[in-house]
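Novice: My questions all concern the structure below.
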Amino acid sequence: MQLNNIISRSEQWLVIDWPLLLLLVEPEIRRQAPELGAHAHDVFRWLIQTKLFPEKWIKRIFSIGGIRWKEQHLLLLAYSQGEFTEEVHFVDARSLPPDTDMEAKMLYEDDFCFVLSKPVRMPVHKSSDSQIRTLDTMAALYSLRSEHPFPVRHIHRLDGDTTGVVLYSKNDWAQLRLDEAMREGQIERHYIAAVHGQLSTMEGEINKPIAKDRFVAGKRRVAAHGDPSITLYRVLQVKSSYSIVALQLLTGRTHQIRVHMSAIGHPLLGDILYGGKQMKGISHQALHAYKLIFPHPVLGNQIIVEADPPDWLEKNEIN
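For what it's worth, the working numbering labels the leading residue of the sequence shown as 178, then goes sequentially.
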């Protein structure tokens, strides 16, 4: 039996079948379980012992009275009551005209997380007061238009000119679990790119440490003292002057794919910062996050989300 068989949502609350929850834990822990209807403090201490839920999250909801009973069900306050709406991306979302288009396609959604497709030249988060139309703002706009608004947190980021999949959490439990999955390398991020030239091997691994460039602000470079960085690549198509390559990040450094492909002599088309050249048919770096594979933060099953192919690849008009 899994959590998904015993858990449901009712507005701001998660509703858990208590008798079935007991069947999920080890016999020794089950024997220590509080009685149905027990004081919230006793339930709080036992929930931490089960290790089914993040301890930080259980402590947080207990501190605000978020552990309750309803007949044979345990209620956990999994969705904030509105304080998150004063965060900057929600403030920005409310400042937009009522008929504002989302600008970011929803690729996947459930009660705990969702995935958006980021358009080109839209930053994930704001870096200056003048930046309003970010992906975070679009995510907040979607939340505010929902029947029961929820907090939104991006789990990873993309460069401004990179398009494709970005994962968001809908509550603190999901965020803690997804952040942990990201740290432990359980979230797979797959990209497709157009790079200059023809690679000498059809697939391979680039294992080169990456550090900040001391001479150019915002740029990264391969350096012996840098952070360990690994990128896998596989050539999909070979053209006369460029190649289409599938890539997977095994680490998540800033500009990692761009730095690594430049370091082996095949910078991305349109990536001026790292030695690429402007090409007709594409006005930005040719990099697209096309697939995301991650363990569901609560239910544990594997989720696979794919974005539509980028215009520059679908039209095949680069020259």
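Ideal Cβ positions, reconstructed from N, Cα and C, are used throughout, including at glycine.
Ser240: buried (16+ other C-beta within 10 angstroms of its C-beta) or exposed?
Specialist: Working through the sequence shown from its first residue, we reach residue 240 at position 63. The residue is exposed, with fewer than 16 neighbouring Cβ atoms inside 10 Å.
Novice: Using the Cβ count rule (16 or more neighbours within 10 Å means buried), how would you classify Val393?
Specialist: Within the sequence shown, the letter at position 216 stands for residue 393. The residue is exposed, with fewer than 16 neighbouring Cβ atoms inside 10 Å.
Novice: From the DSSP output, in three-state form, read off Glu280 for me.
Specialist: By 1-based counting over the sequence shown, the position of residue 280 is 103. If DSSP states are grouped into helix, strand and coil, Glu280 belongs with coil.
Novice: How many whole angstroms separate the CB atoms of Ser346 and Pro474, which I take to be in contact at a CB cut-off of 8 Å?
Specialist: Walking along the sequence shown from the start, residue 346 turns up at place 169. Walking along the sequence shown from the start, residue 474 turns up at place 297. Indeed they touch by this definition, with Cβ atoms about 7 Å apart.
Novice: Between Asp288 and the rest of its own chain, which residues show a CB-CB distance below 6 Å, the 5 nearest in sequence each way excluded?
Specialist: Along the sequence shown, one-based indexing puts residue 288 at 111. Arg186.
Novice: With burial defined as no fewer than 16 other Cβ atoms inside 10 Å of the residue's Cβ, what is the status of Asp278: buried or exposed?
Specialist: In the sequence shown, counting from the first residue as 1, residue 278 sits at position 101. Exposed, because fewer than 16 other Cβ atoms sit within 10 Å of the Cβ of Asp278.
Novice: Mark Asp306 as exposed unless 16 or more other C-beta atoms lie within 10 angstroms of its C-beta, in which case mark it buried.
Specialist: Sequence index remark: in the sequence shown, residue 306 carries index 129 (1-based). When all chains shown are included, Asp306 counts as exposed.
Novice: Identify, in the order they occur along the chain, each residue of the same chain with its Cβ nearer than 6 Å to the Cβ of Arg245, setting aside the five sequence neighbours on each side.
Specialist: Position 68 of the sequence shown, counted from the first residue, corresponds to residue 245. The answer, listed in chain order, is Leu252.
Novice: How many Å lie between Thr340 and Ala484 at the Cα?
Specialist: Counted from its first residue, the sequence shown places residue 340 at position 163. Counted from its first residue, the sequence shown places residue 484 at position 307. Using only the alpha carbons, I get a separation of about 9 Å.
Novice: Hey, how far is the Cα of Ala370 from the Cα of Phe221?
Specialist: The residue you call residue 370 lines up with position 193 of the sequence shown. The residue you call residue 221 lines up with position 44 of the sequence shown. Rounded to whole angstroms, Ala370 to Phe221 spans 48 Å at the Cα level.
Novice: Determine the extent of the alpha helix (DSSP H) in which His302 is found, giving its start and end residues.
Specialist: On the sequence shown, residue 302 is found 125 positions in, with the first residue counted as 1. Looking at the DSSP string, His302 is not in any alpha helix (DSSP H), and its letter there is neither H nor E.
Novice: If you measure between the beta carbons of Leu464 and Leu445, is that distance less than 9 Å?
Specialist: One-based indexing of the sequence shown puts residue 464 at position 287. One-based indexing of the sequence shown puts residue 445 at position 268. Cβ distance < 9 Å, so Leu464 and Leu445 count as in contact.
Novice: Using beta-carbon positions only, say whether His437 and Ser406 come within less than 9 Å of one another.
Specialist: As a working note, residue 437 is residue 260 in the sequence shown. As a working note, residue 406 is residue 229 in the sequence shown. Cβ atoms of His437 and Ser406: closer than 9 Å.
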